[in-house]
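Before any comments, here is the structure.
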Amino acid sequence: MDGKALAQRVREQVAREVAELDHPVGLATVLVGEDPASAVYVRNKQSACREAGIEPFHHELSADTTQHELLGLVAELNADERVTGILVQLPLPEVIDEDAVIRAIDPVKDVDGFHPANAGFLVQGRPTLLPATPAGIMELLREYKVSLSGARALVIGRSNIVGKPIALLLLGESATVTIAHSRTRDLEALAREADVLVAAVGRAGMVTQEMLKPGATVIDVGINRVEGRVVGDVAEDAREVAGLLTPVPGGVGPMTIAMLLKNTLQAARYQARTLAFPLG
Ligand code: NDP
């Protein structure tokens, strides 16, 4: 499954729709501290914004920023009409309570989809702003016409960012979903029954060829650095057994940024009230 090509099409579509809007679309990114990987992610998000006609507003705060200061900035961004989406890059320094910061973001500007209000709407089957990685996976499954109704889906991983929301989205499409995690017994047997398998663990090659049902659709979310190379959670030879498979890199990763742009456009529509947000 070519995530790079699909992501490019999504980004072009977002750019067309942003250009047609009669109000501005702006994404504020907030980076606290000097984590090099986070800095790269934020830079990529900003340049993707510019390319799509979304105005980027970047705020870089030092590693010794207090929670109070960060919450103050979030409040300013909530009130700023030019800012239609807010993204606080995670992880935050340990002294800051991440959940408190996420809760402080206006749900209607929460383009990461991590606010409990947006997570709650997803649980209720009324998706609003969705976490970008699971949203990108669903877009790939739609593009490749993977049949989900009644299919057995196994999600390995239960994080709030990937595992739980993708499980809920698959359930929303009437798949029969199992969520596995580090305490799961006999993962191999569960995997062999799966028509759709999503690996979101962060352990290189943990899903082996032998674990797969022949013809299964395999979504590899993992990003692992092994001997200078980036690899997923699925072993390379799995492609010989899988029906469809997302490569790493070039599968889920590019879709994540594309869906962030799509969310920023959707958030702008909520604020312009051309789209109804369920909290009114
Ligand atoms: P977390 O570390 O938050 O979650 C990992 C999950 O894997 C946990 O639920 C954990 O179980 C489970 N797990 C760990 N070991 C095993 C095991 N042996 N068997 C079964 N399950 C296990 O990670 P994230 O969800 O944030 O990310 C997962 C991966 O996806 C990472 O490699 C990350 O880099 C990548 N990622 C990629 C993105 C992209 O855009 N492509 C975006 C986001 C993440 P337990 O809960 O019991 O500890």
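Residue numbers (my numbering): 2 to 281. Glycine residues also receive a C-beta, built at the ideal position from the N, C-alpha and C atoms.
Quick check on the burial criterion: 16 or more other C-beta atoms within 10 angstroms. Buried or exposed for residue i?
| i | result |
| --- | --- |
| Arg12 | buried |
| Leu74 | buried |
| Arg166 | Note that residue 166 corresponds to Pro in the displayed sequence, not to Arg. Pro166 should be labelled buried. |
| Thr67 | exposed |
| Lys146 | exposed |
Just curious, the beta strand (DSSP E) that residue i is in, first and last residue?
| i | result |
| --- | --- |
| Asn225 | 225-227 |
| Val235 | Neither: Val235 is in no beta strand (DSSP E) and is coded neither H nor E. |
| His59 | 56-62 |
| Phe254 | One detail in the question is off: residue 254 reads as Gly in this sequence, not Phe. No beta strand (DSSP E) holds Gly254; the alpha helix (DSSP H) holding it covers 253-273. |
| Arg10 | No beta strand (DSSP E) contains Arg10, which is instead part of the alpha helix (DSSP H) from 4-21. |
| Gly27 | 27-33 |
| Val89 | 86-89 |
Suppose contacts are defined by Cβ-Cβ distances below 7 Å. Is residue i in contact with residue j by that definition?
| i | j | result |
| --- | --- | --- |
| Val249 | Val227 | no |
| Ala236 | Thr209 | yes |
| Leu213 | Glu174 | no |
| Val202 | Val253 | no |
| Ile87 | Ala29 | yes |
| Arg169 | Leu130 | Checking the sequence, you will find Leu at residue 169 rather than Arg. Taking 7 Å as the Cβ cut-off, Leu169 and Leu130 do not qualify as a contacting pair. |
| Ala2 | Leu245 | The question names Ala, yet the displayed sequence has Met at residue 2. Against a cut-off of 7 Å, the Cβ pair of Leu245 and Met2 comes out as a contact. |
| Glu211 | Leu7 | no |
Between which two residues does the alpha helix (DSSP H) carrying residue i extend?
| i | result |
| --- | --- |
| Ala80 | 68-80 |
| Arg204 | Taken as a continuous stretch (DSSP letters only), Arg204 belongs to no alpha helix (DSSP H), as it is neither H nor E. |
| Ile138 | 133-144 |
| Val1 | In the structure as shown, the chain starts at 2 and stops at 281, and residue 1 therefore has no counterpart that could be examined. |
Counting Cβ pairs closer than 8 Å, one from the segment 193-205 and one from the segment 146-155, do we hit at least three?
yes
Should the segment 91-98 be called in touch with the segment 133-146, which here means at least 3 C-beta pairs below 8 Å?
no
Could you check whether the segment 22-38 touches the segment 179-192, counting it as contact only if at least three pairs of C-beta atoms, one from each stretch, sit closer than 8 Å?
no
Stretch pair the segment 8-24 + the segment 43-62: three plus CB contacts closer than 8 Å
yes
Give me the pocket residues for ligand 1, defined as CB within less than 7 Å of any heavy atom, sorted by chain position.
Thr134, Ile157, Gly158, Arg159, Ser160, Ile162, Val163, Gly164, Ala181, His182, Ser183, Arg184, Thr185, Leu188, Ala201, Val202, Gly203, Arg204, Met207, Val222, Gly223, Ile224, Asn225, Asp234, Val253, Gly254, Thr257
Is the number of C-beta pairs between the segment 120-139 and the segment 244-264 that are closer than 8 Å three or more?
yes
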